[in-house]
């Protein structure tokens, strides 16, 4: 059973240290220091080690040796995405190149003035998408629905570094106030972004075979997206190389407006992305049943 606790990796002190290194010494040196941080997690983060090792060994069917090295590589690339976010949000977007695939799906939704739902996952580095969009599509506004509220200090710190950040966060609450906030955003022709890959015990879920093993996914994002009656786009920002990102936007099948159909479409789409970028699956807990 999934054991996500609602917390994400990373500490405020860690962000501050790497911010200092990037600004004073440079991005490449920060990447170098990250090698030792990754090794620390491999040696001492046993719970997340077991979970990500299972993913490489049992789902991707890597050999024992390759799975062990893949655990370290996964931590390293995850750390890079955090450093990249700090770098880009600090106004150093010019250190990276990027390309769009499927951006026409987002632009056509924007042109229709209906607003839209973006469904992503904890893969790659979607948080930096707003900075890439700002280069040529500054009218795109993204509202992120999140339950990661205990990380307010980190988000506040990152927002303090941001150059004209337009991203907004909508808190998922028991009083359903997030529904009103989402409808308000859509009414302004903005996008609402949900993540469809983290199931918390006690909530509604869909179960499916994902990468060859049974896993539970939250039903909420797909129920919400189906009821809102606006275009739904699966979005990912993946790291192709050290300084190059690839932004994907896949138009979902919402003709039937059935949550399960939308979910099945998402699973198929997410599987293809994870297989293409196996080291950018950043769910460090026991995901599979």
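Residue numbers (our numbering): 1224 to 1512. Glycine is no exception: its CB is placed at the ideal position from the N, C-alpha and C atoms.
Cβ-Cβ distance between residue i and residue j below 7 Å
i, j, result
"residue 1412", "residue 1338", "yes"
"residue 1509", "residue 1274", "yes"
"residue 1261", "residue 1295", "yes"
"residue 1502", "residue 1300", "yes"
"residue 1340", "residue 1460", "no"
"residue 1366", "residue 1393", "yes"
"residue 1308", "residue 1363", "no"
"residue 1445", "residue 1482", "yes"
"residue 1426", "residue 1485", "no"
"residue 1349", "residue 1306", "no"
"residue 1431", "residue 1490", "yes"
"residue 1328", "residue 1474", "yes"
Cα-Cα separation, residue i to residue j
i, j, result
"residue 1251", "residue 1471", "26 Å"
"residue 1410", "residue 1332", "13 Å"
"residue 1310", "residue 1246", "8 Å"
"residue 1259", "residue 1285", "24 Å"
"residue 1303", "residue 1315", "15 Å"
"residue 1462", "residue 1496", "12 Å"
"residue 1270", "residue 1465", "28 Å"
"residue 1476", "residue 1424", "28 Å"
"residue 1227", "residue 1439", "Note that residue 1227 scores 44 on pLDDT, short of 50, meaning its location in the model is unreliable; the coordinates nonetheless yield the value given after this. So the two alpha carbons sit approximately 11 Å from each other."
"residue 1322", "residue 1356", "11 Å"
"residue 1346", "residue 1451", "25 Å"
"residue 1359", "residue 1404", "27 Å"
"residue 1287", "residue 1278", "12 Å"
"residue 1511", "residue 1453", "31 Å"
"residue 1436", "residue 1447", "26 Å"
"residue 1282", "residue 1504", "12 Å"
"residue 1390", "residue 1312", "11 Å"
"residue 1289", "residue 1335", "47 Å"
"residue 1478", "residue 1498", "27 Å"
"residue 1422", "residue 1291", "26 Å"
Residues that residue i bridges to, as DSSP identifies them
i, result
"residue 1332", "BP columns for residue 1332 are empty, so no partner."
"residue 1507", "Paired residues: none, contrary to the question."
"residue 1266", "Residue 1266 is not bridged to any residue."
"residue 1323", "1470"
"residue 1343", "1418"
"residue 1240", "The partner list for residue 1240 (beta bridge, DSSP) is empty, contrary to what the question assumes."
"residue 1260", "Answer by DSSP bridge pairing: none, since residue 1260 is not bridged."
"residue 1369", "1394"
Anticipated Cβ contact below 8 Å, residue i with residue j, distance rounded
i, j, result
"residue 1298", "residue 1354", "Rounded, the Cβ-Cβ distance is 24 Å, inconsistent with contact."
"residue 1429", "residue 1442", "5 Å"
"residue 1420", "residue 1368", "Not a contact, Cβ separation roughly 13 Å."
"residue 1324", "residue 1469", "7 Å"
Short CB-CB distance (under 7 Å) between residue i and chain B
i, result
"residue 1471", "Annotation note: the requested chain B is absent from the structure, which comprises a single protein chain."
Contained alpha helix (DSSP H) runs [length at least 4] in the segment 1390-1432, N- to C-terminal order:
Taking only runs of at least 4 residues, the alpha helix (DSSP H) segments lying wholly in the segment 1390-1432 are 1400-1410.
As an exercise, report each continuous beta strand (DSSP E) stretch of at least 3 residues that is fully enclosed by the segment 1431-1487, in chain order.
DSSP runs (the beta strand (DSSP E)) wholly in the segment 1431-1487: 1436-1441, 1455-1464 and 1467-1474.
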